[in-house]
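Some notes on the structure that comes next.
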Amino acid sequence: MHIINLILITSMLIIIPLDANAHKLISHDESHTELKNALDIPNHKISWAIYEDLKHNQVKYYKFTAKHGDLFYSSIVIPKISALSDYAPTLVIIGNGIDRSDTVPFEVSPELGTWVFSYQGQFPSKEFYEPFGQVTYWERQEVKITIPKDGTYYIAVYDQQSNGKYSLAVGTVEDFTFVDFFTLLPKSWFDTKIFLEDYLSITIGLIFLIGIPAGIVYVIIKKKIKH
């Protein structure tokens, strides 16, 4: 069994680059399409990523708690897929500490302020390669604000033009444990490939994780039978 464990660890070292910087993924069931069902972000300072498929005129909601003076960071990136080259969903910060009332295409309680962040750049935009998932993204808008007062805040993302995919990033502090490298990160890698519909990489990953250990088990059993 020690040999099998070693093979599993080695396989993940091959699949996931050692120098990869990665967000922690937040999984979801697609039910956060109303403010009351907003997807919870546990700590807005930790570096999180949320993969989304968004239909036109649909809104995805997220929530987080923050204190007065906290620095809040968020951004949207789009996987580099030709059909999404000009895709740019809008991001909105909502909360009773927001001293703005920007127009949004959905209902918001009067006591909640709305701050709209639309992408204002050119297409195609600047791109970057993310080594953990081995994928290239187009950068869209970034949000950097100082939280005005203690409370619960919401993020809304929508697009009124077309369907698309995006990744919402929140926070900047990487917070991985040694155990995460062999549990959370492998799952995140596979989730990334599913999000991008990169089934070839998934197949290769499964060969490493299942095929090689299975081969080792076969060799061990065969040797024991001979003896």
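Oh and the sequence shown: position 79 is 101 in my numbering, straight run, nothing missing. Where is the CB? At the ideal position from N, CA and C, for every residue including glycine.
Buried versus exposed, by CB contacts within 10 Å (16 or more), residue i
i    : result
S97  : buried
E253 : With the chain represented from 23 up to 249, any question about residue 253 goes unanswered, as that position is not in the structure.
K166 : exposed
F251 : An answer regarding residue 251 cannot be provided, because it is not within the stretch 23 to 249 covered by the chain.
I153 : In the sequence as presented, Ile is not what sits at residue 153; that position holds Pro. Counting Cβ neighbours within 10 Å, P153 comes out exposed, since fewer than 16 surround it.
V114 : buried
F145 : exposed
S107 : exposed
V99  : buried
T125 : exposed
The ligand SAM heavy atom lying under 7 Å from the CB of residue i
i    : result
E149 : Only the bare structure without any ligand can be found here, which leaves the ligand SAM out of the picture.
Nearest residue (CA-CA) to residue i, options the options
i    : options                : result
P170 : Q80, F94, K58          : F94
I68  : N79, K82, F86          : F86
A178 : S49, L47, E56          : E56
D121 : K102, E164, V138       : V138
G143 : Y180, G117, Y109, D124 : Y109
E161 : K82, S140, T174        : S140
D80  : E52, T194, I103, K102  : Note on identity: in this sequence residue 80 is Gln, with Asp being the wrong assignment. Per the Cα distances, E52.
G193 : H54, A60, D92          : D92
N65  : S123, T136, T125, Y84  : Y84
K148 : I116, T112, K102       : K102
A105 : N118, A191, K187       : K187
T176 : N118, H50, K46         : In the sequence under discussion, the amino acid at residue 176 is Tyr, which differs from the Thr named in the question. Of N118, H50, K46, the residue nearest in Cα terms is N118.
E164 : Y180, A88, A191, T174  : A191
A88  : K46, K58, H50, T174    : T174
Cβ shell of residue i (< 8 Å), same chain only, five flanking positions each side left out
i   : result
I77 : The amino acid at residue 77 is misidentified as Ile; the sequence shows Lys. Closer than 8 Å at the Cβ level, and outside the excluded window around K77, lie N185.
H54 : A60, L61, K82, Y83, Y84
Contact set for residue i: own chain, Cβ-Cβ below 6 Å, skip 5 residues either direction
i    : result
I48  : W70, I72
E196 : S69
K46  : W70
S189 : A71, Y73, V99
H50  : L61
N43  : In this predicted model, N43 has a pLDDT of only 49, less than 50, meaning its place in the structure is not dependable; the value taken from the coordinates is given anyway. Contacts found: none.
Neighbour flag for residue i against chain C, beta carbons, 8 Å
i   : result
Y73 : The structure shown contains no chain C, having only a single protein chain.
Nonlocal neighbours in the same chain, by C-beta distance under 7 Å from residue i, ignoring five residues either side
i    : result
H4   : Nothing about residue 4 can be read from this structure; the chain reaches only from 23 to 249.
T136 : V114, I116, I120, R122, S123, D124, V126, V130
Q183 : H78
K58  : none
Which parts of the segment 66-122 are runs of the alpha helix (DSSP H), unbroken and 4 residues or longer, counting only runs that do not cross its ends?
Every candidate alpha helix (DSSP H) stretch fails here, since none sits fully inside the segment 66-122 while reaching 4 residues.
Can you confirm whether the segment 150-162 touches the segment 125-133 when touching is taken to mean that 3 or more C-beta pairs between the two stretches lie within less than 8 Å?
no
Length at least 3, wholly inside the segment 120-200: the beta strand (DSSP E) runs in chain order:
135-139, 149-152, 157-168, 173-180, 186-192
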